[in-house]
Every structure is written in structure tokens, then in C-alpha cells.
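Everything below concerns the one structure shown next.
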Amino acid sequence: MIISNHFERELIILHIILTNKSTTLTLLSEEIAIPKLTIKGDILKLNNYFVEHTKNENDLIISNNQGIISINPMFSDNIITYFYQLKLALSNNSTLFRLCVLLLTNYSISKQQILDHLFISEAYLLKLCSQLNGYLSQFDLSVNSTNQIYSLKGNEICLRMFSYTILQDNFQGMEWPFDSTTPIVNFDNSNSAISLTKNHALYLFSEIVQQRFLNDNFLVIDPDDSLYDLLKLLQESYDVTKLFNKSPFENLSENVADSEKLYLNFFARIFLSDLISSEAKINLGRKFQEFDHPACRLANEIYSKFSNVFLEPISANENGIYLYYLTIFNILYSMIGDKYVLFLELMIPVPHLNINKTDDYMNRIKKEIAELFEDKALENYIAALLYTVSSFKKSTTLKLYIQMSKVFTAVYVIEKRIQTIFNTNNIVFTNNFSEADIVITDSFEKKSTDQILFYLDSINNSNRWIDLISLIQQKFIEKIDDRKKQ
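No gaps in the numbering here: position 46 of the sequence shown is 755 in this note's numbering, and each next residue is one more.
Written as C-alpha cells, this is what we have:
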């Protein structure tokens, strides 16, 4: 990591606490495999950072007499904001991180400017550059120094991906990392189709490529290359470059501008995936199915093999989604190889992939698709993609049995209210008491070991309704997780 191990550890601890209603030192120690005493010290530091950087007087993380650790309720509504504020503050405490940001936001910068900005000695700068080079080498990047001018050099695609990942994940639109004028975003525009964070992400994309363009660093693809037509198909389905208020391509020659637009549209599918509607992805997946390119042909072969493992019915729309994601990833892998996980590991928290899954379902997927791959890393990525996308399609039902004896209209009211909240294909009612997962009752009832008895004294009790909805959600997710393991 570019930040120190202890800062990273503290952020991970904070993230675990904020994503759980409550936890304990023992549970935290087991999850991240470090001593409870270390965790206790890290929590104290996090509270000190919080007070220092947010000017609040109360602790962010609290615990009670039973040792239950949680986020202070007075800050729970804004906890995500506080997390990213602390993350940026802790990152900025790292001189290595600040050096990296300087190099990412300046195409070239003099040694003296670096020394003045970071308040460090020449000897320490050499040490930091050595550390940074050791880290950057895995991305095919390096710090170059010529005539006391420093810059980042290396694989152009990796450099842009690295720049965007570091700057977006750490700054999140809270600050503008470049010396250029901070983009003006209307915070009060509730009618905007794009969120504030996405607006900042688009500006960041634009600033990164403009910096590369000003110094004649381009990504150019030959129109005769089969990838050109495939990327053109992507652009025609949804052109992200039209979202820019000011085009970063206007001063480029026509062929360079065309190529750069193609690449930017592709990487928007990776980093700004939610800009593209599901319908557009499905339609593009269907076109990929008929398109003559190695990435598309491999996607079709993978999907055909996978259908032997995933035996449940798949709709035409789902078929399109699978082919879309498979093709997009095949293109990405052809550009950066097995570095994808390295880019994910730049983020805190690290996005979860199922690459290391070893259950029976994953083993069956890998066995079925293995003959298509000579590259084991690509096989693992594709298996993880299939595992993730398909796990939430597996048919799962939670069965409810209603036994309300005190008010004869209660059964109907309960059924209708639950049906307005949940998908009726997944949350179903049964007349067979023995097969029910949850029994809803207003009186005493004996239950089997595997059943849950939920007492609803009145259909007008709002608090019990909240508890019931929460219970149904929790148990349904548990059943999904159980199905994944099968």
C-alpha cells in the first residue's frame, strides 16, 4: 500500500465497525487476525483522528459495559461521509501518498517543487522514490528523474487506470487533487440525472486525459484492428463523452480523438458502470453474441460451458448480461493481463471478489470451463465473475406460515402488506405448517428446531412490523448464502 500498514489497518477496523450494527474486540480480532490490545489502541486513535479532523467533541466509536462496540448513534446518519473524510486525512498523513499524488497530478515536476511541497530532504526524496518504484513496478510504472525533473513513466493504460483509481477512491469529490480550477458542481441540483460523485468522477476522467494529451501521450488504435470495431460498438450503444460540458478531445487530430473516445468509453464501463443502464448492457450483450472478435467468441464459449453447470432457466435478458460482462472483462484482460486485482487492492476497503472461493459450486464452474483457458489467472477471474453473477439468480424461497387467531381479517392484511414489500417469487406463503421457515402468530405455538416463531400481537404495531420485515430480509439473505454453498 501507498499508505502505512497501521493507517490501512485502522481504516479497515473502522469500516468493519460501520458496516456492522455492533461487534466486539474478540470478533474484530478474529476477523482481521490481530491482537485485541492492538485493536483497542487503534480505536482510540480513530476517535482522536475524528475529533481532530471533524471538530466534533464526542467519540465516533463507542462501547458499552458488555464490550459491545458500535458507531456513536449521533453520527450514524453521516458515517459514510466521516469514513471518507478520515480516509483522506490518514492518507494525507503519508508522505509517500502525497508524493504519489504530486506525480499523478503533474505530468512533470521539479525536484525543488517536490521538496518544498512535502517539506523533506533530498535524501528522503530518494528513499521515497525507491519505495514508490517498488510498488509501481507491478503496474509496469516507474518514477523517472531526468535533469532534476520527476515524472511517472510506463504503460499508458495502466498509468491512467492507476491515476483514476488512486485519485477517485481517496478524494471522492471532497477535494480536488489537481492545481487546476476546482470543477463547479451544483450541489443543489436535485434534478440532475447523475450524482455529485459521478459528476466529480467524470471531471476527474477528463482532467487525467487532458494532462496526458498536453504532453502528447495518446492511446491510438488502428481502424483496421478488430478491436476498433468492437469498441465502436460500445461507443454507439452509449457515448459517455457526450456527458462532458467541455470536450477534452477538441484540440486533437481526428484519428487520435476517435481512438481516445473509444478507450474512454470502454474504461467508463469499468469505472463508471452504473452510468450505463441495464437495458443498454443487455442489448450490447446480444450484439456481442453475434460479433466476430476473439473476446466475443471466447465469451460465447464460456457461456455455453457454464450453462452445463447452471441448470436453472436463464432468460434472454440474463443471457445478454452474462455475455456483456464476459466480453467486457475479456477486453480488459487483453489490455492489462492479470493486474485487475492489483487495481482493486488500491482501494480501501478492497472490493470483494470470489477468486478464492473453493466451495463445490466454484469447483464445478472451474472444471467445466478449464479447457478453454491456458491462462490460469484468466480462468480464475472468469470463474469468479460467473460465480458472483449467478449466485444471486439461484432460485431461493422463504416460506411464511401465518397463524393469527384473534382478529379474523389479520391474515389477509399481513399477506398483502408483505407482498407489497417483497418479491412474491421469493417470499411465499404456505398452508403447510411443517415446511414454513417463519411462523407469524399472535398466540403461543410450538415450532420445529429449524423454524422461527415471530410474535405479532397486532397488525397495527409498527415496531413489530419493522422487526418482522428485518427478520424476513435477514433469513432470506441467509438462505441465499446457503444456496451459494450448494
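The C-beta atom is built at its ideal place from N, Cα and C for all residues, glycine as well.
message: Please tell me whether Ser946 and Ile985 are closer than 9 Å, where the distance is taken between their beta carbons.
response: Along the sequence shown, read from residue 1 onward, the residue named residue 946 stands at position 237. Along the sequence shown, read from residue 1 onward, the residue named residue 985 stands at position 276. Yes; because the gap between Cβ atoms is below 9 Å, this pair is in contact.
- request: Quick one: grab the DSSP three-state call for Ser899.
  value: Within the sequence shown, numbered from 1, the residue matching residue 899 stands at position 190. Low local confidence applies: a pLDDT of 46 at Ser899 is under 50, so the model's placement there is unreliable, with the coordinate-based value given in what follows. Under the three-state reduction of DSSP output, Ser899 falls in the coil class, being neither helix nor strand.
message: In this structure, how does DSSP classify Lys1066 when only helix, strand and coil are distinguished?
response: The count along the sequence shown starts at 1 and reaches residue 1066 at position 357. Reduced to three states, the DSSP call for Lys1066 is coil.
- prompt: If you check the beta carbons only, do Phe806 and Leu1051 fall under 9 Å apart?
  reply: Mapped onto the sequence shown, residue 806 falls at position 97. Mapped onto the sequence shown, residue 1051 falls at position 342. No, these two residues do not count as a Cβ contact at 9 Å.
query: Are there three or more Cβ pairs, one per stretch, closer than 8 Å when the region 777-784 is compared with the region 858-875?
result: no
- request: Label Asn900 either buried or exposed according to how many other C-beta atoms from any shown protein chain fall within 10 Å of its C-beta, with 16 as the threshold for buried.
  value: If you number the sequence shown from 1, residue 900 lands on position 191. Model confidence at Asn900 stands at a pLDDT of 48, short of 50, so the residue's coordinates are unreliable; what they give is reported in the following sentence. Asn900 comes out exposed.
- prompt: Just how far apart, CA to CA, sit Glu963 and Lys970?
  reply: Position 254 of the sequence shown, counted from the first residue, corresponds to residue 963. Position 261 of the sequence shown, counted from the first residue, corresponds to residue 970. Straight-line Cα distance between these residues: approximately 11 Å.
message: Buried or exposed, going by whether 16 or more other CB atoms sit within 10 Å of the CB of Ala977?
response: Position 268 of the sequence shown holds residue 977. Buried.
query: Pick from Asn1134, Ser1100, Ile1149: whose alpha carbon is nearest that of Ala1119?
result: As a working note, residue 1119 is residue 410 in the sequence shown. Nearest option by C-alpha distance: Ile1149.
- request: Taking Leu1107 and Asn1135 to be in contact with their CB atoms under 8 Å, please state how far apart those CB atoms are, rounded to whole angstroms.
  value: On the sequence shown, residue 1107 is found 398 positions in, with the first residue counted as 1. On the sequence shown, residue 1135 is found 426 positions in, with the first residue counted as 1. About 7 Å separates the two Cβ atoms, so the contact holds.
- prompt: How many Å lie between Phe980 and Arg1173 at the Cα?
  reply: As a first step, residue 980 must be located in the sequence shown, where it is residue number 271. As a first step, residue 1173 must be located in the sequence shown, where it is residue number 464. C-alpha separation (whole angstroms): 41 Å.
- request: Could you round the C-beta distance between Asp751 and Arg718 to whole angstroms and report it? I think they count as a contact, below 8 Å.
  value: Numbered from its first residue, the sequence shown carries residue 751 at position 42. Numbered from its first residue, the sequence shown carries residue 718 at position 9. Contact holds; Cβ gap of about 6 Å.
- prompt: So Thr733 and Ile777 are in contact, right, with Cβ under 8 Å, and what is the actual spacing, rounded?
  reply: The residue labelled residue 733 in the question sits at position 24 within the sequence shown. The residue labelled residue 777 in the question sits at position 68 within the sequence shown. Your pair Thr733 and Ile777 checks out as a contact, with CB atoms roughly 6 Å apart and the cut at 8 Å.
- prompt: In terms of alpha-carbon separation, which member of Cys1005, Lys955, Asn1039 lies closest to Pro892?
  reply: Within the sequence shown, the letter at position 183 stands for residue 892. That would be Lys955, whose Cα lies nearest to the Cα of Pro892.
Other residues of its chain near Pro1060: CB distance less than 6 Å, five sequence neighbours each side excluded: By one-based count along the sequence shown, residue 1060 stands at place 351. Same-chain partners within the cutoff: Leu1053.
query: Going along the chain, which residues of its own chain have a beta-carbon closer than 8 Å to the beta-carbon of Leu797, five neighbours each way excluded?
result: Taking the first residue of the sequence shown as 1, we reach residue 797 at position 88. The residues are Asn879, Phe880, Gln881, Met883, Glu884.
task: Take the Cβ of Phe1142 as the centre, count every other Cβ of all protein chains shown within 10 Å, and call the residue buried at 16 or more, exposed below.
output: Residue 1142 sits at position 433 when you count from the first residue of the sequence shown. Exposed is the call here.
message: Rounding to the nearest angstrom, what Cα-Cα distance links Asn820 and Gln998 in this structure?
response: Position 111 of the sequence shown, counted from the start, is the residue given in the question as residue 820. Position 289 of the sequence shown, counted from the start, is the residue given in the question as residue 998. Checking the displayed sequence, the identity of residue 820 turns out to be Lys instead of Asn. Their Cα atoms are separated by approximately 52 Å.
- request: For the region 801-839, list the alpha helix (DSSP H) runs that are entirely contained and at least 4 residues long, ordered along the chain.
  value: Segments of the alpha helix (DSSP H) lying fully in the region 801-839: 804-814, 820-827.
task: Take His826 and list the residues in its own chain whose beta-carbon comes closer than 7 Å to its own, dropping the five residues that flank it on each side.
output: For the purposes of this step, residue 826 is taken as the residue at position 117 of the sequence shown. Leu811, listed in sequence order.
query: Comparing alpha-carbon positions, which option in Asn729, Leu1094, Asp1084 lies nearest Tyr1070?
result: Start at 1 with the first residue of the sequence shown, and residue 1070 comes out as number 361. For the set Asn729, Leu1094, Asp1084, the Cα lying nearest the Cα of Tyr1070 is the one of Leu1094.
query: Of the choices Ile1147, Ile875, Phe759, whose alpha-carbon is the least far from that of Ile1161?
result: Residue numbering aside, residue 1161 sits at position 452 when the sequence shown is read from its first letter. Measuring from the Cα of Ile1161, the nearest candidate turns out to be Ile1147.
field: Buried versus exposed call for Ser800 [16 or more other C-beta atoms within 10 Å across all chains shown]
entry: Along the sequence shown, one-based indexing puts residue 800 at 91. Buried is the call here.
task: Rounded to whole angstroms, what's the CA-CA distance from Ile1011 to Leu936? Just pull it up for me.
output: Here residue 1011 refers to the residue found at position 302 when the sequence shown is read from its first residue. Here residue 936 refers to the residue found at position 227 when the sequence shown is read from its first residue. Distance from the CA of Ile1011 to the CA of Leu936, rounded to the nearest whole angstrom, comes to 19 Å.
task: Within 10 angstroms of the Cβ of Gln920, are there 16 or more other Cβ atoms? Answer buried if so, exposed if not.
output: In the sequence shown, the residue the question calls residue 920 occupies position 211. Buried, since its Cβ has 16 or more Cβ neighbours within 10 Å.
Nearest candidate by alpha-carbon position, reference Val993, set Lys1075, Leu952, Ile1037, Arg1006: Locating residue 993 in the sequence shown gives position 284, counting from the first residue. Val is not the amino acid found at residue 993; the sequence shown has Leu there. Considering only alpha carbons, the answer is Ile1037.
message: Could you compute how far the alpha carbon of Tyr873 sits from the alpha carbon of Ser904?
response: Position 164 of the sequence shown, counted from the start, is the residue given in the question as residue 873. Position 195 of the sequence shown, counted from the start, is the residue given in the question as residue 904. Taking the straight line joining both Cα atoms gives about 18 Å.
- prompt: Roughly how many whole angstroms lie between the Cα atoms of Thr890 and His909?
  reply: Along the sequence shown, read from residue 1 onward, the residue named residue 890 stands at position 181. Along the sequence shown, read from residue 1 onward, the residue named residue 909 stands at position 200. Near 13 Å, if we compare the C-alpha coordinates of His909 and Thr890.
- prompt: If you draw a straight line from the alpha carbon of Asn1132 to that of Gly1029, how long is it in whole angstroms?
  reply: To locate residue 1132, count along the sequence shown from 1; it is residue 423. To locate residue 1029, count along the sequence shown from 1; it is residue 320. Distance from the CA atom of Asn1132 to the CA atom of Gly1029, rounded to whole angstroms, is 23 Å.
message: Going by DSSP, what residue range makes up the alpha helix (DSSP H) through Asn992?
response: Along the sequence shown, one-based indexing puts residue 992 at 283. Start and end: 987-999.
- request: Check Val760 in the structure and name its three-state DSSP category.
  value: Counted from its first residue, the sequence shown places residue 760 at position 51. The DSSP-derived three-state label of Val760 is helix.
task: Tell me whether Asp1176 sits in a helix, a strand or coil according to DSSP, three-state version.
output: For the purposes of this step, residue 1176 is identified with residue 467 of the sequence shown, where counting begins at 1. Of the three classes helix, strand and coil, the one that applies to Asp1176 here is helix, per DSSP.
task: Jot down the residue ranges of each uninterrupted alpha helix (DSSP H) in the region 1004-1069, minimum 4 residues, whole runs only, in chain order.
output: 1025-1045, 1049-1053
query: Is the region 747-765 touching the region 1076-1096, taking contact as three or more C-beta pairs under 8 Å?
result: no
- request: Express the C-alpha separation of Phe1185 and Asp1176 in angstroms, rounding to a whole number.
  value: Within the sequence shown, residue 1176 is the residue found at index 467, counting from 1. Within the sequence shown, residue 1185 is the residue found at index 476, counting from 1. Taking the straight line from one Cα to the other gives about 14 Å.
message: Restricting to runs no shorter than 3 residues, where is the beta strand (DSSP E) found entirely within the region 1100-1168?
response: 1107-1112, 1136-1138, 1147-1150, 1161-1164
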